[in-house]
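Have a look at the structure below, then the notes.
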Amino acid sequence: MNTETENKTQEVISKKMRISGSEAVVRCLMAEGVDILYGYPGGAIMPVYDELYKFRDQIHHVLTRHEQGAAHAAQGYARISGRVGVAMATSGPGATNLITGIADAQIDSTPMVCITGQVPSHLLGSDAFQETDIVGISTPVTKWNHQVTKASEIPEVLAKAFYIAKSGRPGPVLVDITKDAQFGELDFEYKKCTGVRSYIPVPKTNPESVKAAAKLINSAKKPMIVWGQGIILGKAENELKAVVEKAGIPSAWTILGASAIPTSHPLNIGMVGMHGNYAPNKLTNECDVLIAIGMRFDDRVTGDLTKYAKQAKVIHFDIDPSEIDKNVKTDVAVIGDSKDSLAQLLPLLDAKSHDSWLQEFKDLYAIEFEQVIKDDLHPTKEGLTMGEVLKQINIESKGDAAIVSDVGQHQMIACRYSEFNLTKSNITSGGLGTMGFALPAAIGAKMAEPHREVVAIIGDGGFQMNIQELGTVFQQRTPVKIVVLNNEFLGMVRQWQQLFFDKRYASTEMTNPDFVAIAKGYHIQAKRITKREELADAVKEMIASKESYFLEVCVEKEDNVFPMVPSGASVSDIRLS
Amino acid sequence: MNEEIKTFTISIYTENNIGLLNRISAIFQRRHINIESLTTSQSEIDGVNRFVIVVNISESQAKKIVGQFQKQIEVIRAFYHTDEETIYTESCMFKIKSSLLFEEPQIQNIIKESNTRIVTVNKEFFVLEKSGRRNEIESLRRDLNVFGIMQFVRAGRIAVTKDEMKVTEMLLAFNNQ
Numbered sequence: 001m002n003t004e005t006e007n008k009t010q011e012v013i014s015k016k017m018r019i020s021g022s023e024a025v026v027r028c029l030m031a032e033g034v035d036i037l038y039g040y041p042g043g044a045i046m047p048v049y050d051e052l053y054k055f056r057d058q059i060h061h062v063l064t065r066h067e068q069g070a071a072h073a074a075q076g077y078a079r080i081s082g083r084v085g086v087a088m089a090t091s092g093p094g095a096t097n098l099i100t101g102i103a104d105a106q107i108d109s110t111p112m113v114c115i116t117g118q119v120p121s122h123l124l125g126s127d128a129f130q131e132t133d134i135v136g137i138s139t140p141v142t143k144w145n146h147q148v149t150k151a152s153e154i155p156e157v158l159a160k161a162f163y164i165a166k167s168g169r170p171g172p173v174l175v176d177i178t179k180d181a182q183f184g185e186l187d188f189e190y191k192k193c194t195g196v197r198s199y200i201p202v203p204k205t206n207p208e209s210v211k212a213a214a215k216l217i218n219s220a221k222k223p224m225i226v227w228g229q230g231i232i233l234g235k236a237e238n239e240l241k242a243v244v245e246k247a248g249i250p251s252a253w254t255i256l257g258a259s260a261i262p263t264s265h266p267l268n269i270g271m272v273g274m275h276g277n278y279a280p281n282k283l284t285n286e287c288d289v290l291i292a293i294g295m296r297f298d299d300r301v302t303g304d305l306t307k308y309a310k311q312a313k314v315i316h317f318d319i320d321p322s323e324i325d326k327n328v329k330t331d332v333a334v335i336g337d338s339k340d341s342l343a344q345l346l347p348l349l350d351a352k353s354h355d356s357w358l359q360e361f362k363d364l365y366a367i368e369f370e371q372v373i374k375d376d377l378h379p380t381k382e383g384l385t386m387g388e389v390l391k392q393i394n395i396e397s398k399g400d401a402a403i404v405s406d407v408g409q410h411q412m413i414a415c416r417y418s419e420f421n422l423t424k425s426n427i428t429s430g431g432l433g434t435m436g437f438a439l440p441a442a443i444g445a446k447m448a449e450p451h452r453e454v455v456a457i458i459g460d461g462g463f464q465m466n467i468q469e470l471g472t473v474f475q476q477r478t479p480v481k482i483v484v485l486n487n488e489f490l491g492m493v494r495q496w497q498q499l500f501f502d503k504r505y506a507s508t509e510m511t512n513p514d515f516v517a518i519a520k521g522y523h524i525q526a527k528r529i530t531k532r533e534e535l536a537d538a539v540k541e542m543i544a545s546k547e548s549y550f551l552e553v554c555v556e557k558e559d560n561v562f563p564m565v566p567s568g569a570s571v572s573d574i575r576l577s
Numbered sequence: 001m002n003e004e005i006k007t008f009t010i011s012i013y014t015e016n017n018i019g020l021l022n023r024i025s026a027i028f029q030r031r032h033i034n035i036e037s038l039t040t041s042q043s044e045i046d047g048v049n050r051f052v053i054v055v056n057i058s059e060s061q062a063k064k065i066v067g068q069f070q071k072q073i074e075v076i077r078a079f080y081h082t083d084e085e086t087i088y089t090e091s092c093m094f095k096i097k098s099s100l101l102f103e104e105p106q107i108q109n110i111i112k113e114s115n116t117r118i119v120t121v122n123k124e125f126f127v128l129e130k131s132g133r134r135n136e137i138e139s140l141r142r143d144l145n146v147f148g149i150m151q152f153v154r155a156g157r158i159a160v161t162k163d164e165m166k167v168t169e170m171l172l173a174f175n176n177q
């Protein structure tokens with residue numbers, strides 16, 4: 001929080017007054033330092049919107065074009081800034097439209113507070129107009145949720161909501177507020193929540209477990225680190241880098257861990273997982289100690305669990321005790337905050353380098369380069385590749401851009417080839433794999449960190465899932481850069497159909513509209529390119545633009561993303577073609 | 001990975017809040033675990049509820065779902081125990097036609113021998129209550145079924161552990177907050 005926001009917060013907290021529930025909602029948001037929220041009005045949330053109108057100089061409401069867009073925008077805001085993203089919607093369809101974004105935030109541990117309006121409490125359970133049991137519906141996909149039926153409950157519940165959303169392993173919280181609670185009055189006083197008695201957000205690190213981890217790492221001949229988003233969420237980038245460098249351990253990352261250590265770091269050996277790099281996947285089954293930090297052994301990372309790192313002793317650092325032994329049995333579990341645990345680990349580590357072991361990664365990288373990367377980044381065939389577009393974006397943004405990718409082939413290409421100098425630069429839907437994520441998430445990211453270059457990389461399929469948010473880009477004058485890699489296919493599904501379903505392209509070919517005309521219809525600068533010689537200038541023009549910019553790149557129709565660990569196969573059975 | 005499926009009693013100490021039952025049942029539902037019985041009531045600690053849930057699962061499943069319960073914001077502590085580690089009982093009620101009590105003297109013998117309690121008797125029916133292990137209740141049901149049962153209801157298992165359940169530690173943690 002900056003000083004100005006802190007002062008505002010103090011001001012809001014110190015005032016004691018009799019106000020409406022809806023005004024209390026707005027004052028609670030301001031007390032939590034919320035400067036932007038995303039949403040869509042409707043009957044059951046109108047009193048809160050009326051208050052937002054009154055406070056419009058202090059808190060900026062962004063009207064998205066769909067509630068799903070609001071939820072993803074709040075996610076983008078949260079992911080780049082580390083602050084809580086806020087989304088608001090009315091009851092019934094407004095609330096249910098938030099669900100995909102909430103589920104996405106839950107599986108990707110994104111701090112988010114969603115506020116929904118609800119029918120008046122006397123109508124609850126009567127199938128009233130636009131009534132749904134949103135608390136029931138959202139229960140499995142929220143960290144916590146609650147329905148407020150009295151105005152007096154609002155401050156305490158919202159304070160609790162923000163505390164739960166951002167503490168420990170973050171996640172989405174939903175607060176449903178009946179219309180009579182919004183109209184009702186209360187004596188307003190706001191106290192930030194500092195604890196919930198049944199909830200231990202950050203378990204204390206046991207020094208013995210850190211010692212055991214250090215002993216194992218010091219004795220390792222072929223250690224390998226796989227870090228995840230827990231590093232970014234725990235603000236442990238520096239601690240991780242110090243551990244990696246002191247112990248000289250080749251280190252790989254999961255899709256959500258990307259950018260915690262710069263791509264160019266000599267011990268950064270690339271991405272693990274289904275479309276990760278060849279070396280870290282292959283050598284997962286050769287390391288003698290596997291050190292997993294802030295990652296949850298997702299099935300996209302492990303492939304066949306019965307063949308995953310069976311030769312290795314496994315050390316698992318995680319803030320969430322329920323992740324330990326959930327998928328992979330560990331030899332040493334270090335439960336706690338990653339920043340704290342790694343800081344404790346560092347002095348216990350021997351300074352080492354594992355040069356010959358690192359060389360094995362480099363040798364496999366050379367194979368991957370020859371067989372895959374060279375053709376992706378320096379193609380000789382006529383059609384444009386997705387990889388060369390990413391390469392050009394790296395050149396123009398100098399590796400400082402935040403890349404917000406949608407879901408599909410282009411996402412894997414973006415994660416594989418983006419150069420990240422700065423942390424929190426890879427914003428993507430990792431766990432849920434939500435098509436339609438990138439455009440609204442990029443809007444949220446750009447608004448949260450206006451000084452950052454934000455480039456959305458989207459496929460032609462995902463773009464059309466939330467294309468309406470171009471309206472939000474235009475209305476808000478959000479200078480996001482939007483790149484649609486158009487191959488006229490649902491590319492990833494088509495790739496699977498080609499490889500595993502005898503090229504039966506069932507419902508994956510897309511007849512697309514004129515995207516440039518649509519973008520221009522929203523008064524956004526737009527260009528389409530189809531040839532290699534147009535690429536460099538077009539990307540240069542896009543990055544140089546001070547305003548939002550839409551670039552459609554017509555890429556090779558049937559390119560595939562390799563390497564690939566086929567679904568259910570072992571990570572060491574990774575294919576290069 | 002074919003682990004033995006056993007009967008586990010899951011105990012979950014929680015805040016007394018609306019909606020928790022939903023969260024708890026969703027955890028079973030996602031994993032396709034069928035609940036054999038579920039009882040919830042106030043616990044030995046004021047303001048703290050206790051769920052006692054009986055399921056047939058493997059020990060590693062039990063360990064994982066207890067981790068998931070523990071993760072819920074309003075869950076204070078969760079435990080799992082085998083039958084050997086607990087003392088447990090179930091209760092049930094039978095509603096039977098009053099005329100049978102006099103016409104079938106055998107019923108009176110069954111009541112005596114099984115330590116079953118008569119809760120009420122009126123002109124139309126009488127009600128029996130029995131607490132015990134599932135097999136005792138089932139045996140009684142079989143015996144009475146011969147004569148005709150108007151209504152039968154069995155409550156979920158209630159259980160206490162043989163060993164200390166570290167409730168003291170939990171209380172201390174509460175008081176320190």
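These protein sequence lines are chains W and B, in that order.
Residue numbering for the first sequence follows full-length UniProt numbering, beginning at 1 and increasing consecutively.
Residue numbering for the second sequence follows full-length UniProt numbering, beginning at 1 and increasing consecutively.
The beta carbon of each residue, even a glycine, is placed where N, CA and C say it ideally should be.
Please read all numbers here as calculations on a predicted model, not as lab measurements.
As the crow flies, the alpha-carbon of T116/B is around 12 Å from that of L144/B.
Within the same chain, Cβ atoms closer than 8 Å to the Cβ of V48/W are found at S22, V25, V26, M88, I115, G117, I177 and Q182, the five residues on either side in sequence being excluded. The DSSP-derived three-state label of T205/W is coil. Contact of Y199/W with chain B is assigned, a C-beta pair being separated by under 7 Å. Cβ atoms of P170/W and S109/W come within 8 Å of each other, at about 5 Å. Note on geometry: alpha-carbon atoms of E245/W and F501/W lie some 45 Å from one another. Chain B has a Cβ within less than 7 Å of the Cβ of I164/W. Rounded to the nearest angstrom, the gap between the Cα atoms of N285/W and K222/W is 11 Å. The Cβ atoms of S43/B and R157/B do not sit closer than 7 Å to each other. Here V121/B is exposed, its C-beta having fewer than 16 other C-beta atoms within 10 Å. Contacts with chain B at 7 Å (Cβ-Cβ) include P140/W. In the same chain as M542/W, and ignoring 5 residues on each side of it, the C-beta atoms closer than 7 Å to its own belong to K481, Y549 and L551, in chain order. Considering only P172/W, M46/W, P140/W and A161/W, the residue with the shortest C-alpha distance to I27/B is P140/W.
Put simply, the backbone Cα of I57/B is about 33 Å away from that of D573/W.
Take I107/W, set aside five residues on each side of it, and the residues of its chain with a beta-carbon closer than 7 Å to its own are G431 and L432, in chain order.
Where E552/W is concerned, the enclosing beta strand (DSSP E) starts and stops at Y549 to C554. Listed along the chain, the chain W residues whose CB falls inside 8 Å of the CB of Q70/B are P321 and S322. By the Cβ-count criterion, P155/W is buried, with 16 or more other Cβ atoms from all chains shown falling within 10 Å of its own Cβ. Among the CB atoms of chain W, one or more fall inside 7 Å of the CB of N22/B. If you compare the alpha carbons of E153/W, K391/W, K160/W and I319/W with that of W144/W, the shortest gap goes to K160/W. In this model, S114/B and F94/B are separated by some 13 Å (Cα to Cα). Put simply, the CB of E44/B is far from chain W, with every gap to its CB atoms at 7 Å or more.
Distance from the CA of A247/W to the CA of V148/W, rounded to the nearest whole angstrom, comes to 51 Å. Nearest in C-alpha terms to L123/W, of all of L63/W, A44/W, D363/W and L499/W, is A44/W. Buried is the label assigned to K166/W, since at least 16 other Cβ atoms lie within 10 Å of its Cβ.
At a cut-off of 7 Å between C-beta atoms, I73/B counts as an interface residue with respect to chain W.
Interface annotation, W144/W: in contact with chain B, CB-CB separation under 7 Å. With fewer than 16 neighbouring CB atoms inside 10 Å of its own CB, M150/B falls in the exposed class. Between the region 526-535 of chain W and the region 450-464 of chain W there are fewer than three C-beta pairs closer than 8 Å, too few to call the two in contact. Apart from sequence neighbours up to five positions away, the residues of its chain that approach K282/W with a beta-carbon distance below 8 Å are L364, V571, S572 and I574, ordered along the chain.
Among the residues of chain B, those whose CB is under 8 Å from the CB of K326/W are K64 and G67, following chain order. Out of E169/B, L140/B and F69/B, the CA that lies nearest to the CA of Q108/B is found in L140/B.
In the three-state reduction of the DSSP assignment, T139/W falls in the helix class, which pools H, G and I. In the DSSP assignment, R575/W forms a beta bridge with M564/W.
In the same chain as K520/W, and ignoring 5 residues on each side of it, the C-beta atoms closer than 7 Å to its own belong to A526, in chain order.
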